[in-house]
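Student: Here the sequence shown is numbered in the numbering used here, starting from 14 and rising by one per residue.
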Amino acid sequence: MHKYIIKRLLMMIPVLIGVTFLVFFILAISPGDPTRMILGQQASQESIEAMREELGLNDNLFVRYFDYIVGALHGDLGTSWKTQLEVLPQILGYFPNTVILSTSGITVAICIGVPIGILSAKKQYTWIDNVTRVLGLVGVAMPSFWLGLLLVMLFSLHLGWFPPSGMGQGIELLPSLVLPALTLGTSCAASIMRMTRSSMLEAMRQDYIDTARSKGLKERYITRYHMFKNALIPIVTVTGLQFGMLLGGSALTETIFSWPGLGRFMIESIKAKDMPMVLGSALFLAIMYSVVNLLVDILYAYVDPRIKAQYRSMGGKKRGRKIFAK
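1) Could you give the first and the last residue of the continuous alpha helix (DSSP H) run that contains Ser-227?
2) Below 8 Å on the Cβ atoms is my guess for Ala-203 versus Gly-152; work out the distance and round it to an integer in Å.
3) Secondary structure at Thr-111, three-state DSSP: helix, strand or coil?
4) Does Glu-267 pass the burial test, meaning 16 or more other C-beta atoms within 10 Å, or should it be called exposed?
5) Counting along the chain, where does the alpha helix (DSSP H) carrying Pro-176 start and finish?
6) Determine the closest residue to Thr-33 out of Gln-58, Ser-43, Phe-79 and Pro-47, with distance taken between C-alpha atoms.
7) Ala-299 and Leu-29 look like a contact to me (Cβ under 8 Å); what is the Cβ gap, rounded to whole Å?
8) Enumerate in chain order the residues of its own chain whose CB-to-CB distance from Pro-193 is below 7 Å, with the five nearest sequence positions on each side excluded.
9) Count the other CB atoms, across all protein chains shown, that sit within 10 Å of the CB of Asn-73; report buried if there are 16 or more and exposed otherwise.
10) Do Ile-246 and Ile-123 have their C-beta atoms within less than 8 Å of each other?
11) Mind checking which residues open and close the alpha helix (DSSP H) that includes Leu-190?
12) Thinking Thr-209 and Ile-131 are a contact (beta carbons under 8 Å), I'd like their distance in whole angstroms, please.
13) The alpha helix (DSSP H) spanning Glu-232 covers which residue range?
14) Could you tell me which residues DSSP puts in a beta bridge with Thr-92?
15) Decide yes or no for the touch test of the stretch 89-97 against the stretch 282-298: beta carbon pairs closer than 8 Å, at least 3 of them.
16) Taking Lys-284 as part of the alpha helix (DSSP H), name the residues at either end of that continuous run.
17) Mapping DSSP to helix, strand and coil, what is Trp-140?
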């Protein structure tokens, strides 16, 4: 297990290099001069050239990228061109707000998607199954920004139940979190519901389910301890992937609800062509996404004992080969 974790961590290195290079290259060739955005459109050509030299924009593209990677390996993600502050402290300041929103969104998705998916599987080919499948397709196809605007119009403007935007502090945090969490959780719930339904249907057709029923066990007990536990692996997989996507892909929701998260701050940095800030945010989010995927893989061994036994058997075979070689 330890060797597997180390291998996965080493595999993160080329992924992170590829992500940073793509973002760096796209920002470098995109139209617009960051020095004019910093100094203003009325700045003189001499000031612009001096700023370009100070920022290193006159150097070769690959030289600039190499210098950035060397600094990132030492924990230096650079200084923001817009705010003149270090990038890493700003990322660490905004990221907890994104974690709060993403965790709330995935919690809503699990609470909605898993029970509906189980119910749809148990009521296969009935009107309940048809309705839930239609709702799942609508949830997957529905744009998050459109749903967010609808929720604001209904619950904030007409009913006045929740604030339309902003992040409250203390007791006011929960009301301000409801609408963004529902917006994020609805689309994720649709994916989780569909995966739960298909996994449960596959588990229901296994022979051990018929054996459990023949023993006289209650259907609720069979559903919980025999069907659902054996259908958990795909559900955990899609939930982990959705959570990783929420950490890096909730920028639209954060923008709609004026949520002070990393995604919204990253969009503002892209508009300002603040390359160090965008690169640092992309690198940080890529690391978080890779870590979430690694944690999901590790969770497999605790969800399904067969996977843990497989790791042990692989280790025993390797040790046996070494003993035989001696």
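Idealized CB from N, CA, C, for every residue including glycine. Remember, it's a predicted structure, so these values are computed and weren't measured experimentally.
Tutor: Checking against the coordinates, here is how it stands:
1) For Ser-227, the uninterrupted alpha helix (DSSP H) segment begins and ends at 220-227.
2) Confirmed, Cβ separation roughly 3 Å.
3) The DSSP-derived three-state label of Thr-111 is helix.
4) Classification for Glu-267: buried.
5) The continuous stretches of alpha helix (DSSP H) do not include Pro-176, and DSSP gives it neither H nor E.
6) It is Phe-79.
7) For Ala-299 against Leu-29, the beta-carbon gap comes to about 5 Å, under 8 Å, which counts as contact.
8) These residues qualify, in order along the chain: Leu-114, Thr-266, Phe-270 and Trp-272.
9) Burial call: exposed.
10) Against a cut-off of 8 Å, the Cβ pair of Ile-123 and Ile-246 comes out as no contact.
11) Its alpha helix (DSSP H) spans residues 186-217.
12) Your pair Thr-209 and Ile-131 checks out as a contact, with CB atoms roughly 6 Å apart and the cut at 8 Å.
13) 232-235 is the span of the alpha helix (DSSP H), which, as asked, contains Glu-232.
14) The beta-bridge partner set that DSSP reports for Thr-92 consists of Glu-99.
15) Proximity of the stretch 89-97 to the stretch 282-298 meets the contact definition, three or more beta-carbon pairs being nearer than 8 Å.
16) Judged by DSSP secondary structure, Lys-284 falls within the alpha helix (DSSP H) whose first and last residues are 275-284.
17) Secondary structure of Trp-140 (DSSP, three-state): helix.
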